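Undergrad: First the structure, then my questions, so here it is.
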Amino acid sequence: MNPSTHAALYGPRQPARPVRRERPAVVVLAALLWVVTALSVSLVGGLACIALLWTAAAGEPVAGLVLPVLLIPAGAAGITVLARAPRVRDLAASTRMLLLGAVACPVPTALAVWFWTLSG
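Heads up: take any position in the sequence shown, counting from 1, add 4, and you land on our numbering.
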């Protein structure tokens, strides 16, 4: 193979990036954010499914209650799109998880607190 072929096809050779050290505080904070997010999504999804079941059992139309249940996968798709953005992909794994957790946490947590207070 011609030595200049690689440079012609892929550009100049670049060394690999140095390995980034994970910071324990960032890892713990990211884990806490994701635990709160997971619990909140579980509570909101569970309550929405119970409401759907009760509404269907009562013979009422369930079309209005399906939208909140569909927002959960829509939010997950939005977080996935953000995670695949070039600038976010370049971050260290712990920093990326902290950023994504900070974006994912507020909405389901606020909904879970609101549902919790509404249900008494």
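Backbone N, C-alpha and C define an ideal beta-carbon position, used for all residues, glycine too. Here the structure is a predicted model, which is why all the values come from computation and not from measurement.
Give me the Cα-Cα distance between L56 and W38, rounded to the nearest whole angstrom.
TA: Reading the sequence shown from its first residue, position 52 is the one you call residue 56. Reading the sequence shown from its first residue, position 34 is the one you call residue 38. Approximately 26 Å between the Cα atoms of the pair.
Undergrad: Check for me: the alpha helix (DSSP H) holding A34 runs from which residue to which?
TA: By one-based count along the sequence shown, residue 34 stands at place 30. Note, A34: alpha helix (DSSP H), P28 to A61.
Undergrad: So, using beta-carbon positions, are W120 and L47 closer together than 9 Å?
TA: The sequence position of residue 120 within the sequence shown is 116, counting from 1. The sequence position of residue 47 within the sequence shown is 43, counting from 1. In this structure, L47 lies closer than 9 Å to W120 by Cβ.
Undergrad: Below 9 Å between beta carbons: does that hold for S98 and R21?
TA: Numbered from 1 along the sequence shown, position 94 holds the residue referred to as residue 98. Numbered from 1 along the sequence shown, position 17 holds the residue referred to as residue 21. For S98 and R21, no; Cβs fall outside 9 Å.
Undergrad: Along the alpha helix (DSSP H) that carries L122, what are the first and last residues, could you check?
TA: Along the sequence shown, one-based indexing puts residue 122 at 118. From DSSP, the alpha helix (DSSP H) with L122 extends over P110 to S123.
Undergrad: Along the chain, which unbroken stretches of the alpha helix (DSSP H) at least 4 residues long are found entirely within the stretch 56-101?
TA: Listed in chain order, the complete alpha helix (DSSP H) runs (minimum 4 residues) inside the stretch 56-101 are 67-87 and 90-93.
Undergrad: By how many angstroms is the C-alpha of L122 removed from the C-alpha of P65?
TA: Taking the sequence shown and counting its residues from 1, one reaches residue 65 at position 61. Taking the sequence shown and counting its residues from 1, one reaches residue 122 at position 118. Computed Cα separation, rounded: 22 Å.
Undergrad: As a quick exercise: from L103, L75 and R100, pick the residue whose alpha carbon is nearest that of L115.
TA: Indexing the sequence shown from 1 puts residue 115 at position 111. The option with the nearest alpha carbon to L115 is L75.
Undergrad: Is the beta carbon of L86 closer than 9 Å to that of V111?
TA: Position 107 of the sequence shown, counted from the start, is the residue given in the question as residue 111. Position 82 of the sequence shown, counted from the start, is the residue given in the question as residue 86. For V111 and L86, no; Cβs fall outside 9 Å.
Undergrad: CB L102 to CB V92, shorter than 9 Å?
TA: Sequence index remark: in the sequence shown, residue 102 carries index 98 (1-based). Sequence index remark: in the sequence shown, residue 92 carries index 88 (1-based). No; because the gap between Cβ atoms is not below 9 Å, this pair is not in contact.
Undergrad: So, C109 versus S8, is the Cβ gap smaller than 9 Å?
TA: Working through the sequence shown from its first residue, we reach residue 109 at position 105. Working through the sequence shown from its first residue, we reach residue 8 at position 4. Contact flag unset, no.
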